[in-house]
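Numbering (our numbering), first residue to last: 9 to 87.
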């Protein structure tokens, strides 16, 4: 049994549509994974203040700030 030109074309179109569908689904899954990792990689809500206080304490410990500067900045961050 031989396949006509139209039969071969139909087979190629079906294969192409399956390949494109797989690529589309794979891209959607990859996008979902990327967005979920990106949103969970950031700091937790309210965590920015703790980070700022940590940096302030480090700067004070290194001697970059006087005690007065440290206390003023710490109070500003707590407000």
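For each residue, glycine too, the CB sits at the ideal point set by N, CA and C.
With respect to residue 78, residue 67 sits close: the two C-beta atoms are nearer than 9 Å. In this structure, DSSP gives residue 65 a helical state, which the three-state scheme calls helix. Counting along the chain, residue 82 sits inside the alpha helix (DSSP H) bounded by residues 75-86. Within the same chain, and ignoring the five residues on either side of residue 72 in sequence, no residue has its Cβ closer than 8 Å to its Cβ.
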